[in-house]
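For reference, the structure discussed in these notes is given below.
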Amino acid sequence: MSEEICFASARDLARRIRTRELSAREVLQAHLDQIQRTNPRVNAIVTLAAERAADQARAADERLAAGEEPGPLHGLPIAHKDTHATAGIRTTSGSPIFADHVPAEDELVIERIRAAGAVTLGKTNTPEFAAGSHTFNPVFGLTRNPYDPARSAGGSSGGAAAALACGMHPLADGGDMGGSLRNPASFCNVAGLRPSPGRVPSWPVAAAWSTLGVQGPMAREVADVALLLSVLAGPDPRSPIALETPGSAFAAPLDRDLAGLRVAWAPDLGGTIPVDPAVTGVLEPAVKVFEELGCAVEEAAPDLTGADEVFRTLRAWHWETTLRPLLDERRADFKPSLAANIDAGRSLTGADLARAETLHTALFHRMREFFGRYDALLMPVSQVPPFDAALEYPEEVAGQPMHDYLEWMRSCFLISVTGCPALSVPAGFTSGGLPVGLQIVGPYRADLAVLRIGHAFEQATRHAARRPPVAAG
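If you're matching positions, the sequence shown starts at 287 in the numbering used here and goes up one per residue.
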């Protein structure tokens, strides 16, 4: 019964709690038992608030018994990414500087999740300040891949993805600047959506007008991703870029006939990125599924000229804006790669930023024209399968050297700067049993369309049903 609860969909669990077939306390206990069994092998949940969660689950059952109208996440247990501020629960951002930090208030996404009735389990692991697509830090150590603990779980939402894959909780929140929702989803065989900027408003943030970093949902199924997005999305006066569309727009069923859809397939973005043959070997058959679903698929790639420079410039500027004072005070407590990014931001000139903005604008219009010809773009999420967890990053991809901890994730971060919504959905496994995700990119602000396409692919393939060995024993 415990295993059945832990791998049920969030939608099913929410329904069973609402109808009192299950209590929130029963659901919580099943997940706490699963955490005790599996977390020592992957190190996904790094702060556990079991007593607090038990109190919240008890209160959830009491409110339901008293006839209160339940929220969409009523009684569902969730652990939050350790970069997201949680009132009364330690939030470290994976940094020794904040190893004992306990926020006084929730940030916006946590507010919304709690208001929807969820039960807070604790926090999931992240790289230091969420910098990098491999989850390790000096406070809590390394998060391992549930399908092979010798491999990376990805990042920066690696703890969230690994916990989902192991059945430790049914939903997860995360953030994505260069791939931090998509890459760990791909590595751990779950689904993760980078929403359109402003779809999920953020507060508090130092650079409220920035569109580079976003927050969003992860789950084992695309429909559960949509469920959490329905809670996270919607306007808020504290965010100047928040979109007006209410979250309820994402609560409708995702079923859609894909017949006639025009789909572009870009296995290596028109020869601009190296991709491990093990990845393309999994994805090429997956793309054929879209033809079977009635789509017109052709190989085509958007022109992403300048996207690399835009991302690196704006990312360095972001880190300089948010972390420079801390680096000046405690440089020894920063990993060298992140310190170098902050220093790069410090050296930027007005001309550098002006060039980035000009390139960014041109990129937007080229993507707009591309999506005038196609309804969706299919491409790899990650250029490699899950790699050796002992490495900071893959040193080469398909025989080409990688010069820093960002370069191997160009398949994600080049899409980030387009502003387009992008979903990672399970697409199959390598011959060695490692997960590979397919990235589905949609037109500007077409988040719902992307979710519907991903849902149709998921229902046709069912790759997400394959549980990791860690969860089995």
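Note that the Cβ used here is the ideal one computed from N, Cα and C, for glycine as well.
Sub-9 Å separation of P671 and A564 beta-carbons: yes
R468 burial status per 10 Å Cβ neighbour count (16 or more: buried): Answer is buried; the Cβ neighbour count reaches 16.
Give the DSSP-derived three-state secondary structure of S472 in the structure shown. helix
Among C452, R542, I383 and M454, which has the Cα closest to the Cα of F426? Residue I383 holds the alpha-carbon nearest to the alpha-carbon of F426 among C452, R542, I383 and M454.
Could you check which residue in R306, T591, T558 and D619 has the C-alpha nearest to that of R349? R306
Assigned secondary structure, R598 (DSSP; H/G/I helix, E/B strand, else coil): Of the three classes helix, strand and coil, the one that applies to R598 here is helix, per DSSP.
Per-residue burial, V727 [other beta carbons within 10 Å of its own, 16 or more giving buried]: When all chains shown are included, V727 counts as buried.
Taking the continuous beta strand (DSSP E) assigned at G714, which residues delimit it? A708 to F715
Per DSSP, which one or two residues make a beta bridge with F743? In the DSSP assignment, F743 is bridged to no other residue.
Nearest-angstrom Cα separation, counted from I527 out to P483: A direct Cα-Cα distance of roughly 8 Å separates P483 from I527.
Taking buried to mean at least 16 other C-beta atoms within 10 Å of its own C-beta, is D434 buried or exposed? buried
By Cβ distance, which residues of its chain are closer than 7 Å to A390, with the 5 residues on each side in sequence left out? A373
DSSP three-state assignment for H366, whether helix, strand or coil: Three-state result, H366: strand.
With H, G and I counted as helix, E and B as strand and the rest as coil, what does DSSP make of T607? Looking at T607 - three-state DSSP - the assignment turns out to be helix.
Determine the direct distance from the alpha carbon of V500 to that of W605, and round the result to whole angstroms. 15 Å
Where does the unbroken alpha helix (DSSP H) through G636 begin, and where does it stop? G636 to R659
Should the region 595-613 be regarded as contacting the region 344-361, the criterion being three or more beta carbon pairs within less than 8 Å? no
Alpha carbon of S534 to alpha carbon of L407, nearest angstrom: 25 Å
With burial defined as no fewer than 16 other Cβ atoms inside 10 Å of the residue's Cβ, what is the status of E693: buried or exposed? buried
Rounded C-alpha distance that separates A343 from L314: Straight-line Cα distance between these residues: approximately 7 Å.
For the beta strand (DSSP E) containing G723, list its first residue and its last residue. P721 to V727
Counting beta carbon pairs with one atom in the region 506-520 and one in the region 391-403, are three or more of them shorter than 8 Å? Because the criterion of three Cβ pairs below 8 Å is met, the region 391-403 and the region 506-520 touch.
Identified DSSP bridge partners for S438: Among the bridge pairs identified by DSSP, S438 is matched with R430.
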